[in-house]
Amino acid sequence: AKETGKARAVIHSPSHIGPPQHDISLEAAMFQAVREGEFLLYYQPIVDARTRAIQGFETLMRWKHPTLGMVPPARFIPIAETNGLINLLGAWALKAACVQLKQFEDVARRNLYISVNISPRQFRNDKFLEVLDDALAFSSMRGEQLVLEITEGTLMIDPVHAEAILSKMAERKARIAIDDFGTGYSSLAYLKRFPISVLKIDRTFIRDLPAAQKDGAICNAVLDLAKHLDLSVVAEGVETEEQLHYLAARGCQYIQGYLTGKPMAANVALAALEDSIHA
Ligand code: C2E
Ligand code: CA
Ligand code: CA
Ligand code: CA
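Read in order, the letters of the sequence shown are residues 267 to 545 in UniProt numbering.
Written as structure tokens, this is what we have:
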């Protein structure tokens, strides 16, 4: 039978899975999961801080394992990054996200954008531009509706190569967001060198607002910097009304967090968009 013919990976309960470098069983299960189609995409709304209207969605990968349940990306992305599976998964995610955006727009009856995480290895892969063009062509989505989220580290591994890739992306009008802004080791000089459009303030700077003064100072500084460099800012991980008001009052235009929408399955996101046109 179909089931018995397969070499099922032996999987321990999550608490017994060792540290990532020893996740042999999880790694084996990932290859199986690709064949079985266990990976899916969730979508988290990015909203206007004042109106709370959905502007776009960040695509977040999920792995729904038949017995382990939802395996968080923090567990499987690092493995995929190490063994190269991220290139396959990332290419699939980019294409699927672009196709999904079309359906979101049809329901919302307005333009939206889709923001996709690109890992360092994916960004440096020779085929990356091909993958990007394929996703845009297949979905017939315009480049300006795509935001690619990369970290400071991704740019710094090989800045000369990064510059070449980013200029190719600019030709396609795809925008670049710096993910987890402020948590890397790089200097700010790269903001001058590279064509960047969006800064995403990391959740660690938002979490303890409005009480935490240092976090507040950092958010203010980022907002000020962004204003002068003509960049958009998305505050990540906004969970409370107080945080939203604090940020909105300081000119933060976009918010992403559990307060305004958790990562959700595509059909749930569609329902939210459906509701918004009747609101
Ligand atoms: P990230 O890109 O920084 O994504 C934001 C993470 O914060 C997501 O975790 C999201 O669910 C979570 N989050 C959003 N709002 C809130 C909030 O209000 N409170 C809290 N506590 N958390 C919030 P998630 O989905 O577990 O993803 C974790 C990381 O895995 C991502 O961090 C990203 O680095 C990576 N990842 C996820 N999907 C992909 C993907 O398709 N490709 C790549 N290369 N990496 C991905
Ligand atoms: Ca991200
Ligand atoms: Ca982030
Ligand atoms: Ca993060």
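Built from N, CA and C at the ideal position, the CB exists for glycine as well.
Straight-line Cα distance separating residue j from residue i
{"i": "G448", "j": "I467", "result": "7 Å"}
{"i": "E418", "j": "S385", "result": "11 Å"}
{"i": "A374", "j": "L334", "result": "35 Å"}
{"i": "R328", "j": "L351", "result": "15 Å"}
{"i": "R376", "j": "I462", "result": "25 Å"}
{"i": "L491", "j": "F297", "result": "43 Å"}
{"i": "H278", "j": "L355", "result": "Its pLDDT being 47, under 50, H278 is placed unreliably by the model, and the measurement read from it follows with that caveat. Their Cα atoms are separated by approximately 23 Å."}
{"i": "A363", "j": "H494", "result": "32 Å"}
{"i": "M530", "j": "Y309", "result": "5 Å"}
{"i": "residue 547", "j": "R438", "result": "Residue 547 is absent from the model: the chain starts at 267 and stops at 545."}
{"i": "A357", "j": "P425", "result": "22 Å"}
{"i": "I290", "j": "H331", "result": "16 Å"}
{"i": "I472", "j": "L510", "result": "10 Å"}
{"i": "A340", "j": "V382", "result": "16 Å"}
{"i": "S453", "j": "P311", "result": "30 Å"}
{"i": "M336", "j": "L395", "result": "31 Å"}
{"i": "K434", "j": "S406", "result": "18 Å"}
{"i": "G409", "j": "F323", "result": "15 Å"}
{"i": "A299", "j": "L292", "result": "10 Å"}
{"i": "I345", "j": "Y451", "result": "23 Å"}
{"i": "I543", "j": "F342", "result": "36 Å"}
{"i": "L378", "j": "L497", "result": "18 Å"}
{"i": "residue 563", "j": "C485", "result": "A question about residue 563 goes unanswered here, because the residues of the chain that appear run from 267 up to 545."}
{"i": "A295", "j": "K528", "result": "27 Å"}
{"i": "T325", "j": "A477", "result": "30 Å"}
{"i": "F370", "j": "N533", "result": "10 Å"}
{"i": "T420", "j": "A436", "result": "17 Å"}
{"i": "A443", "j": "A537", "result": "27 Å"}
{"i": "K393", "j": "T348", "result": "17 Å"}
{"i": "D541", "j": "M422", "result": "42 Å"}
{"i": "L307", "j": "H427", "result": "29 Å"}
{"i": "D481", "j": "L367", "result": "34 Å"}
{"i": "T526", "j": "C518", "result": "15 Å"}
Nearest-angstrom Cβ-Cβ length linking residue i and residue j, presumed shorter than 8 Å
{"i": "R516", "j": "L489", "result": "5 Å"}
{"i": "Y520", "j": "D314", "result": "7 Å"}
{"i": "N353", "j": "R387", "result": "7 Å"}
{"i": "I380", "j": "Q411", "result": "7 Å"}
{"i": "V413", "j": "V464", "result": "6 Å"}
{"i": "L457", "j": "Y512", "result": "With 8 Å as the limit, L457 and Y512 do not qualify as a contact, their Cβ atoms being about 24 Å apart."}
{"i": "R459", "j": "E429", "result": "7 Å"}
{"i": "Q522", "j": "V500", "result": "5 Å"}
{"i": "E508", "j": "Y524", "result": "Not really, about 14 Å apart at Cβ, beyond 8 Å."}
{"i": "A401", "j": "L360", "result": "4 Å"}
{"i": "A514", "j": "R316", "result": "6 Å"}
Assigned exposure category for residue i - 16 Cβ within 10 Å defines buried
{"i": "A483", "result": "exposed"}
{"i": "A535", "result": "buried"}
{"i": "G303", "result": "exposed"}
{"i": "E415", "result": "buried"}
{"i": "L539", "result": "buried"}
{"i": "Q479", "result": "exposed"}
{"i": "P338", "result": "exposed"}
{"i": "R441", "result": "buried"}
{"i": "A545", "result": "exposed"}
{"i": "D445", "result": "buried"}
{"i": "K272", "result": "Bear in mind that the predicted position of K272 carries a pLDDT of just 44, short of 50, making it unreliable; the figure below should be weighed with that in mind. It is exposed - the Cβ of K272 has fewer than 16 other Cβ atoms within 10 Å."}
{"i": "E502", "result": "buried"}
{"i": "I320", "result": "buried"}
{"i": "A455", "result": "exposed"}
- Query: Which ranges would you report for the beta strand (DSSP E) in the region 289-355 if only whole runs of at least 3 residues count?
  - Reply: Secondary structure in the region 289-355: the beta strand (DSSP E) runs of 3 residues or longer, each lying completely within the stretch, are 305-314, 320-331 and 335-337 in chain order.
- Check each residue's C-beta against every heavy atom of ligand 2 and list, in chain order, those closer than 5 Å. Going by the Cβ distance cut-off, the answer is N383, E415 and D445.
- Entirely within the region 511-543 and at least 3 residues each: give me those beta strand (DSSP E) ranges in chain order. Here the runs fully enclosed are 520-522.
- Complete runs of the beta strand (DSSP E) confined to the region 362-399 [at least 3 residues]: You should have 379-383.
- Start-end ranges of the beta strand (DSSP E) lying completely within the region 412-478, minimum 3 residues: Counting whole runs of 3 or more residues, the region 412-478 contains the beta strand (DSSP E) stretches 412-417, 441-447 and 464-467.
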